[in-house]
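Here the protein sequences come in this chain order: A and B.
Start counting the first sequence at 61; every next residue gets the next number (my numbering).
Start counting the second sequence at 143; every next residue gets the next number (my numbering).
Here a beta-carbon is modelled for each residue, glycine too, at the ideal position from N, C-alpha and C.
Computed from a prediction, not measured in an experiment: that's the story for all the values here.
The structure appears below as structure tokens.
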Amino acid sequence: MMITVLLILHGLVAVALLGAVTHQALSVAGAPKARTSFVGKLRGVSAPAYVDAIVALFALSFVMGAFLYPAYRLDVRPLLEDMRWKVPTGIFEIKEHLAAIGLGLLPAYRSAWRAADASPAWARARRALTWILAFIVWWGFLTGHILNNLKGLL
Amino acid sequence: MRVFSIVFAIAYVVAYQSGWSPFAYYPALQRFSTAPLPLATAGPGMLFYGWLACAAAAALVVAVVVPRRVADRIPAGVTWLAPCGAIAAVALHELRWFT
């Protein structure tokens, strides 16, 4: 029961994180667009305003995931191995490592966004770090959903 | 901050790809152990938390030791190239699941 509640909370935090990091990644993707269309409004956000929320949500989501991981290792992964489903096992392995790399990335990400340096090199670094985090969050989110749905089928 | 992140990415990949961890967690027993326990009685061991602790410890030590003036001279590109390299190393290592 506790695992189910934690899994739902983990999913809700992940949705908030996904929205925040996607807004920020799109806002730094290119030249600003007029906020008249849907895409323009999606991209026309203040990217720095999302930094602390993304750091907090990523850390919270990671901690929740770390508590859920033993249940996956005991209840889900043996089933995947019995079914010889290597690909789902592999994408979860990648999720595990990407989440760790993302957690370690947070100090540099926050530091880059807080730096007063307006040089093109730091603008590029901010954009790259944001896109790396967005990739990690999207991979984790989709993998979590796929694995959760597969477990429901087994 | 930057030094921590750069060293964390490198140290994590080195720890996990070498398969070395200072401890393992055994979810069936709900306990950590510094010594490997038999699969038959302890169930599968998880090295993930050990890799994290290892990477965090290495990153913290280097971040404290490296002087601020040296850290400030690290090019901006290194802060994102290091995690990119780590992700590429993960992708190459995990290809075994897709072949």
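Classification of residue i by the beta-carbon crowding that lies within 10 angstroms, buried from 16 upward
| i | result |
| --- | --- |
| A:HIS205 | exposed |
| A:GLU153 | buried |
| B:TRP162 | exposed |
| B:PRO180 | exposed |
| B:GLN172 | exposed |
| B:ALA224 | buried |
| A:ALA85 | buried |
| A:LEU193 | buried |
| A:ILE196 | buried |
| B:PHE240 | exposed |
| A:SER179 | exposed |
| B:PHE190 | buried |
Chain B within 8 Å of residue i, Cβ atoms only
| i | result |
| --- | --- |
| A:VAL147 | yes |
| A:LEU165 | yes |
| A:TRP198 | no |
| A:SER87 | no |
| A:ARG95 | no |
| A:GLY150 | yes |
| A:ALA178 | no |
| A:ILE192 | yes |
| A:ARG170 | yes |
| A:ARG184 | yes |
Residues that DSSP places opposite residue i in a beta bridge
| i | result |
| --- | --- |
| B:PHE190 | Paired residue(s): none; B:PHE190 is not in a bridge. |
Three-state secondary structure assigned by DSSP to residue i
| i | result |
| --- | --- |
| A:SER171 | helix |
| B:ALA166 | strand |
| A:SER106 | coil |
| B:SER175 | strand |
| A:ALA116 | helix |
| A:SER179 | coil |
| A:ILE151 | helix |
| A:ILE196 | helix |
| B:ILE216 | coil |
Chain A within 8 Å of residue i, Cβ atoms only
| i | result |
| --- | --- |
| B:PHE150 | yes |
| B:SER160 | no |
| B:GLY227 | no |
| B:SER147 | yes |
| B:VAL208 | no |
| B:PHE240 | yes |
| B:ALA218 | yes |
| B:VAL212 | no |
Could you run through the region 181 to 206 of chain B and flag, in chain order, every residue whose CB is less than 8 Å away from some CB of chain A? GLY185, PRO186, MET188, PHE190, TYR191, TRP193, LEU194, ALA197, ALA198 and ALA201
Using a Cβ-Cβ cut-off of less than 8 Å, give me the residues of the region 120 to 131 of chain A that come near chain B, in sequence order. ALA126, TYR129, PRO130 and ALA131
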